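Engineer: Encoded as structure tokens, here's the structure I'll be asking about.
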Amino acid sequence: MTCEPPPDVPDDWPRPYGDEIEEALRIARAALSDDSARPATQRLAAHYDPAGRGAGTTFLELSPVAPTTVTAADLHALTVLNAPVNALTTRRLLDDEDTRADIKAALARLEPTADLATADWTTFLAMEALSQPIQAACRDPWASESNPWVTAAKLCARKRPRLFPVRDNVVCKGLGLFGTSRRRLGDRRVDWQVFACLMRDRELVDRIDELAEQVRTAHGVRCDSVPLRVLDVALWTWLRN
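With numbering that gives the first Met the number 0, letter number 199 in the sequence shown gets 198, and the count goes up by one each step, no holes.
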């Protein structure tokens with residue numbers, strides 16, 4: 000199976016393989032299903048329960064939500080997803096003028112409502128332009144190998160939640176996009192294309208909407224209003240065990 004038409008990305012970008020997309024779609028459907036010993040409705044209800052320990056809607060809704068720049072609230076939101084933010088990273092993201100200017104310029108190229116399902120090559124380039132300064136700001140200069148891609152991915156997701164999936168070890172390994180013989184280190188550009196294919200699958204998106212409504216009616220719990228974020232939660236709660 001392939002994603003037709005494939006995401007419109009720059010010509011020199013790596014592409015996901017057809018079997019990677021097929022496997023990701025299979026896993027996503029399983030993660031969104033109630034036909035298992037760990038039904039999606041129950042997992043999401045637990046995660047989004049405001050009286051529980053899950054991140055819930057706090058990650059995206061913690062105020063102030065400032066679409067044009069990085070704020071202290073954004074860094075606080077990262078801790079909700081257990082993403083470490085040390086003192087140096089904090090100073091870089093909040094005080095370093097050059098870093099902040101690069102991030103602000105990149106954010107200006109991405110509309111807050113931009114959606115991964117309809118992203119074209121200009122959108123993907125702008126996503127990469129945002130990811131680079133954020134990941135550089137999160138890098139530890141004293142570590143022999145510093146690749147803070149998880150923290151950077153989560154901050155990008157906080158700033159543009161309809162575009163950036165919350166990529167971490169659990170989800171990327173579970174989808175076969177990281178830590179495999181083919182994708183030993185993974186590549187965010189490939190990951191974005193795979194998630195774009197998932198969000199362009201009409202049945203999958205309909206199921207996400209249906210699931211959020213089931214959680215609300217059966218458990219009185221409100222999920223995120225962003226379908227990509229609900230998919231993130233469904234995948235993470237499914238794959239972590």
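Glycine residues also receive a C-beta, built at the ideal position from the N, C-alpha and C atoms. These numbers were taken from a predicted model, which means no experiment stands behind them.
Please state the DSSP three-state secondary structure of Asp186.
Structural biologist: By 1-based counting over the sequence shown, the position of residue 186 is 187. Asp186 falls in the coil class under three-state DSSP.
Engineer: Consider the C-beta atom of Val169 and the heavy atoms of the ligand NAD; say whether any pair is separated by less than 6 Å.
Structural biologist: The model on display carries no ligand, and the ligand NAD is accordingly not part of it.
Engineer: Can the beta-carbon of Ala30 be found less than 7 Å from the beta-carbon of Leu234?
Structural biologist: Stepping through the sequence shown from its first residue, residue 30 is reached at position 31. Stepping through the sequence shown from its first residue, residue 234 is reached at position 235. Their beta carbons are under 7 Å apart, which means Ala30 touches Leu234 by this criterion.
Engineer: Which of the three DSSP states, helix, strand or coil, is assigned to Gly173?
Structural biologist: Residue mapping note: residue 173 aligns to position 174 of the sequence shown, counting from 1. Collapsing the DSSP output to three states places Gly173 in a helix.
Engineer: If you count every other CB in all the chains shown that lies within 10 Å of the CB of Ser224, and 16 or more means buried, which is it?
Structural biologist: Walking along the sequence shown from the start, residue 224 turns up at place 225. Looking at its Cβ environment, which holds fewer than 16 other Cβ atoms inside 10 Å, Ser224 is exposed.
Engineer: Touching or not, the stretch 113-122 and the stretch 156-164, by the rule of three or more beta carbon pairs under 8 Å?
Structural biologist: yes
Engineer: Buried or exposed: where does Met0 fall if 16 or more other Cβ atoms within 10 Å of its Cβ makes it buried?
Structural biologist: The residue labelled residue 0 in the question sits at position 1 within the sequence shown. For Met0, the predicted structure reports a pLDDT of 49, less than 50, and the residue's modelled location is therefore unreliable. A value from the coordinates is still provided. Counting Cβ neighbours within 10 Å, Met0 comes out exposed, since fewer than 16 surround it.
Engineer: Quick one: complete alpha helix (DSSP H) runs, 4+ long, within the stretch 3-60?
Structural biologist: 17-30, 39-47 and 57-60
Engineer: Apart from the five residues just before and just after Arg82, which ones in its own chain have a Cβ nearer than 8 Å to its Cβ?
Structural biologist: Here the question's residue 82 lines up with position 83 in the sequence shown. Rather than Arg, the amino acid found at residue 82 in this sequence is Ala. Cβ neighbours of Ala82 beyond the five flanking positions: Val149, Thr150, Lys153 and Leu154.
Engineer: Is any beta-carbon of chain D found at less than 7 Å from that of Arg28?
Structural biologist: Going by chain labels, chain D is absent from the structure shown, which holds only one protein chain.
Engineer: Which of the three DSSP states, helix, strand or coil, is assigned to Pro63?
Structural biologist: Mapped onto the sequence shown, residue 63 falls at position 64. Secondary structure of Pro63 (DSSP, three-state): coil.
Engineer: Between the Cα of Asp97 and those of Val79, Val84, Leu77 and Val69, spot the shortest distance and give me the residue it belongs to.
Structural biologist: Position 98 of the sequence shown, counting from 1, holds the residue named residue 97. Per the Cα distances, Val69.
Engineer: Taking Glu110 as part of the alpha helix (DSSP H), name the residues at either end of that continuous run.
Structural biologist: Walking along the sequence shown from the start, residue 110 turns up at place 111. If you look at Glu110, you'll find it isn't in any alpha helix (DSSP H); DSSP assigns it neither H nor E.
Engineer: Is Met0 helix, strand or coil when you go by DSSP?
Structural biologist: Against the sequence shown, residue 0 aligns to sequence position 1. Confidence in Met0 is poor, its pLDDT being 49 and thus under 50, which makes the residue's placement unreliable; the coordinate value appears in the next sentence. Met0: coil per DSSP, three-state reduction.
Engineer: If you draw a straight line from the alpha carbon of Leu174 to that of Asn168, how long is it in whole angstroms?
Structural biologist: For the purposes of this step, residue 174 is taken as the residue at position 175 of the sequence shown. For the purposes of this step, residue 168 is taken as the residue at position 169 of the sequence shown. When rounded, the distance between both Cα atoms is 10 Å.
Engineer: Counting along the chain, where does the alpha helix (DSSP H) carrying Cys137 start and finish?
Structural biologist: Locating residue 137 in the sequence shown gives position 138, counting from the first residue. From DSSP, the alpha helix (DSSP H) with Cys137 extends over Trp120 to Cys137.
Engineer: Looking at the secondary structure, which residues open and close the alpha helix (DSSP H) in which Val149 lies?
Structural biologist: Numbered from 1 along the sequence shown, position 150 holds the residue referred to as residue 149. Where Val149 is concerned, the enclosing alpha helix (DSSP H) stretches over Trp148 to Lys158.
Engineer: Looking at the secondary structure, which residues open and close the alpha helix (DSSP H) in which Leu227 lies?
Structural biologist: Locating residue 227 in the sequence shown gives position 228, where the first residue counts as 1. Unbroken alpha helix (DSSP H) run through Leu227: Pro226 to Leu238.
Engineer: If the criterion is Cβ atoms closer than 7 Å, does the pair Leu109 and Ala125 meet it?
Structural biologist: In the sequence shown, residue 109 corresponds to position 110, counting from 1. In the sequence shown, residue 125 corresponds to position 126, counting from 1. Going by C-beta atoms, Leu109 is nearer than 7 Å to Ala125.
Engineer: Hey, Pro63 and Ala72 are a contact pair by Cβ (cut 8 Å); roughly how many whole angstroms apart?
Structural biologist: Along the sequence shown, one-based indexing puts residue 63 at 64. Along the sequence shown, one-based indexing puts residue 72 at 73. Going by Cβ atoms, the distance from Pro63 to Ala72 rounds to 5 Å, so yes, they are a contact pair.
Engineer: What did DSSP end up calling Cys196 once you bin it into helix, strand or coil?
Structural biologist: Looking up residue 196 in the sequence shown gives position 197. Here Cys196 sits in helix by DSSP.
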